[in-house]
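Counting from 1 along the sequence shown, just add 119 to a position and that's the residue number in my numbering. All C-beta atoms in this analysis are idealised placements derived from N, C-alpha and C, irrespective of residue type, glycine included. Note that this is a predicted model, so its numbers are computed, not measured.
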Amino acid sequence: MPEELFVKELANGMTLLGQRMQHVASAAMTIAAPAGAAHDPPDSAGAASVISQWLLRGAGGRDTRGLNDALDALGCQHHESVLSEHLQLGAAQLGRNLADVLAIYADILRRPGLEDATFEPARALIAQDLASLEDEPARKSALMLRQRFYPHPLGRCVYGTADSLASMTADGVRGHVAEVLAPQGVILSVAGRIDWEAFCDLAEGHFSDWAGDGGAPVATEAPSGGVTHIEKDSAQVHITLAHKAACVRDPRYYAIRIAEAVLSGGMSSRLFTEVREKRGLVYHVSARYHSLKDHAGMFTYAGTVREKAQETFDVTVGELRRLQEGIEKSELARAKTQLKSSLVMQGESTAARANALAADWYHLGRLRSLKQISRAVDAVTADDVLEYLGEYPAENFTVLVIGPELPDTGAIE
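The following block contains the structure:
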């Protein structure tokens, strides 16, 4: 059965996306608003994360309990997340309850309570998330690496800083919400058992008279890059590296994903085999591709112990560079199988498809069917991967290490 994909752009700048999946009983919804961490005021880093919690603490005349009860009564499983460029709200429920859930989310977006009494609990939750990073150095290292790799404020930590959170006020954040939460650029995607025409009618009824252009485009500064050592008296050493990659809209995008899978796609991958299995250097090693709209990178992490930190660093960098010598036919076939397997699993998840539709529209301005993606993966050759790696070699690394000592980074200088 052909995949049914739909797009409708509203006059106020909001875009509706959909995929009908009649073999399921559920429907999932993703709302991506251009109000992510990069849009936070300079003195209020972390505001987007606070907003993501505050919005769900009363809306449309309902208090926190009333809002939660209404969503629970509809069997809605909801989540909120903050990315660099977007604040995302997600909801999954039975298809027959989508209309009622949409009405509640219209209240959340357009008529949030944002009361003084509910601000402090929302702020306190984000402060706890920030503080918890001290107990999760692997996660902390990943966030701090992005902060140094991407142009500021695109790499900003979504939790802000202790000082920015402490100085944040309800009035200040309310003013920021009024400025950035507007229909221009908002993406509302649905996937699952849906009636597209009926959904569009409902969405237009809720949002067609919503007005506003949102915040100004984000002005960026050059990334700090370089090598950073955060001293921590610990038996563990957390090594992170990032180097430049092409963005999602690049025609060689699938070659990037093949390279990523060869490096880090399971227990047969090069990093797992060479760094962990053969040498026993690490308890975890991985490389992950990440892309914003106009910037992207390959992010590598290795967790080891102090005595093995230097060899871990050298071998990991060596494997990143060895990829530029080419990949074997068996590696190419294995990587393609992994990527296509993930597509099959994505096709069985309405939430995954709703997220993918929103991401496609933001990065590409069009929607891709799973069959289109599968064909594009099949078309990648080993030479395509080699050509891509020749243009985006593993060099000019941004490095961040958390641990008692910094390994000698001369191998990358």
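- Shortest Cα-Cα distance from Asp226 to any of Asp235, Arg181, His482 involves Arg181.
- Met148 counts as buried, since no fewer than 16 other beta carbons sit within 10 angstroms of its beta carbon.
- DSSP, read as helix, strand or coil, puts Ser461 in helix.
- Within the same chain, Phe268, Ala361, His362, Lys363, Ala364, His409 come within 7 Å of Gly416 by CB-CB distance, once the 5 residues on both sides are set aside.
- Going by DSSP, Gln303 is part of no alpha helix (DSSP H) at all; its letter is neither H nor E.
- By the Cβ criterion, the segment 132-141 is not in contact with the segment 187-201, since fewer than three pairs of Cβ atoms, one from each stretch, lie closer than 8 Å.
- Within the segment 277-340, the alpha helix (DSSP H) runs of at least 4 residues that lie entirely inside it are, in chain order, 281-286, 289-299, 315-326.
- In the DSSP assignment, Met417 falls within the unbroken beta strand (DSSP E) covering 415-424.
- Listed as beta-bridge partners of Leu135 by DSSP are Lys127, Leu307.
- Per the DSSP secondary-structure output, Leu519 pairs in a beta bridge with Thr347, Thr359.
- Per DSSP, the continuous alpha helix (DSSP H) segment holding Leu439 begins and ends at 428-441.
- Separation of Thr469 and Leu307 (C-alpha to C-alpha, rounded to the nearest whole angstrom) is 14 Å.
- Ala341 and Ala218 have their alpha carbons spaced roughly 45 Å apart.
- Ranked by Cα distance from Ala421, the options Ile446, Arg440, Arg395, Leu442 are led by Arg395.
- By the Cβ neighbour-count rule, Ser388 is buried, with 16 or more other Cβ atoms within 10 Å of its own.
- For Ala166, the enclosing alpha helix (DSSP H) stretches over residues 166-173.
- Under DSSP, Gln207 shares a beta bridge with Ala151, Ser200.
- Put simply, the segment 372-384 touches the segment 433-450. At least three CB pairs are less than 8 Å apart.
- When the beta-carbon positions are compared, Arg368 and Leu483 come within less than 8 Å of each other.
- In the DSSP assignment, Leu213 is bridged to Ser145.
- By the neighbour-count definition (other C-beta atoms within 10 Å, threshold 16), Lys455 is a buried residue.
- The Cβ atoms of His357 and Ile521 sit closer than 8 Å to each other.
- In the displayed model, Pro512 falls within coil according to three-state DSSP, outside both helix and strand.
- For Val496, the enclosing alpha helix (DSSP H) has its first and last residue at 489-498.
- Ser405 carries a strand assignment under DSSP once its states are collapsed to helix, strand and coil.
- Your pair Ala151 and Ala471 does not check out as a contact, with CB atoms roughly 14 Å apart and the cut at 8 Å.
- Under DSSP, Pro370 takes part in no beta bridge, so it has no partner.
- Our two residues, Leu505 and Ile446, have alpha carbons roughly 8 Å apart in a direct line.
- For Asp352, no alpha helix (DSSP H) encloses it, and the DSSP letter there is neither H nor E.
- Per DSSP, Lys259 is one residue of the alpha helix (DSSP H) stretching across 256-268.
- Residue pairing for Ser410: DSSP places it in a beta bridge opposite Ala415.
- Note that the segment 263-282 does not touch the segment 307-317; fewer than 3 beta-carbon pairs, one per stretch, sit closer than 8 Å.
- The alpha carbon of Glu350 has as its nearest neighbour, out of Glu524, Pro161, Leu264, the alpha carbon of Glu524.
- Ala246 has its alpha-carbon roughly 17 Å from the corresponding atom of Gly291.
- In the three-state reduction of the DSSP assignment, Ala178 falls in the strand class.
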